[in-house]
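So the sequence shown is residues -17 to -1, 1 to 189, counted in mature numbering (1 follows the signal peptide of the UniProt record, and there is no 0).
Comments concern the structure below.
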Amino acid sequence: MLSSIVLFSTLVVSALGQNSQNSSAAAYTFPAGFNIGLVKPDELNSWCQGQRNQCPAICKTGTKQNTCDPSTLSFSCVCADGSSADVSPFIQTVPFYVCEANFGQCINAHPDDSVGQEACKKAAKCGNKNATALAMSSSTTTSAVATHTMNMATTTDSDSDKAVTSSVAAASTTTTNAAVPLGGMLETASTGLLASVMFLAMRLVM
């Protein structure tokens, strides 16, 4: 009985985990009118490659699952925190490629039909965000802020050093200037003393 309960619990946990991992794929469905059979296998492989390349950039914090099946275009983009990334707004993802291909198929299905082609254009709402560029921009901004902070710290240190140097120079100048009058006073006193001695000597002689 106990072993049966353990087995059942394991199956439930496994099923929940699988559902979580496939949630990004389950949330996406092909647009009306899209025919995957009209897309060449090489293109499908390229689409999946683009999807796998963009998933980490969209998640930003790493991925827990990043898969894509070229035969069905079933994909999964689960971020490191367990959340399923919404890849639809971004270029070079499965929804983006399918949207563009579906637009082309729609136009081909309405030759010489301006009304039908206009409807194709209105229905084509393909992603236009570049996840890689956004990630690089964020990284560059962070680096620029750090560099600016370091430059400010360096400038402050330099200004402090200049202030200390100026203070020392000013103190040295003051000391030197103070020594000049003292020397003059000693010289004057010495001259006066010598004159007094000579005067007394002359008096004694007379």
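Built from N, CA and C at the ideal position, the CB exists for glycine as well.
Remember, it's a predicted structure, so these values are computed and weren't measured experimentally.
- Bridge partners of residue 49 according to DSSP: 60.
- When secondary structure is reduced to three states using DSSP, residue 13 falls in the coil class, being assigned neither helix nor strand.
- Per DSSP, residue 94 is not a residue of any alpha helix (DSSP H), being assigned neither H nor E.
- Residue 61 and residue 95 have their C-alpha atoms spaced approximately 43 angstroms apart.
- Taking the Cβ atoms as the reference, residue 88 lies roughly 23 angstroms from residue 37, outside the contact range of under 8 angstroms.
- When the alpha-carbon of residue 70 is set against those of 90, 35 and 18, the nearest one is in 35.
- In summary, residue 39 is buried, with 16 or more beta-carbon neighbours lying within 10 Å of its beta-carbon over all protein chains present.
- Counting the other CB atoms within 10 Å of its CB gives residue 110 a total of 16 or more, which places it among the buried residues.
- Non-local C-beta neighbours of residue 21 in its own chain, meaning closer than 7 angstroms and more than five positions away in sequence, comprise 88, ordered along the chain.
- For residue 74, no alpha helix (DSSP H) encloses it, and the DSSP letter there is neither H nor E.
- Residue 16 and residue 115 have their C-alpha atoms some 30 angstroms from each other.
- By the C-beta density criterion, residue 92 is exposed, having fewer than 16 other C-beta atoms within 10 angstroms.
- Under the DSSP assignment, residue 41 falls in the alpha helix (DSSP H) whose first and last residues are 24 to 42.
- For residue 63, the number of other beta carbons within 10 angstroms of its own is below 16, and it is reported as exposed.
- In this structure, residue 90 sits away from residue 82, with a CB-CB distance that is not shorter than 9 angstroms.
- The three-state secondary structure of residue 67, taken from DSSP, is strand.
- Beta-carbon to beta-carbon, residue 14 and residue 113 are separated by about 22 angstroms, too far to satisfy the 8 angstroms threshold.
- Cβ neighbours of residue 50 within its own chain (closer than 7 angstroms, five residues either side excluded): 58 and 59.
- The alpha-carbon of residue 44 is positioned some 14 angstroms away from that of residue 119.
- Cβ-Cβ distances below 8 angstroms link residue 107 to 82, 83, 85, 86 and 89 in the same chain, with the five nearest sequence neighbours on each side left out; the list follows chain order.
- Taking a C-beta distance under 9 angstroms as the contact criterion, residue 68 and residue 41 qualify as a contact pair.
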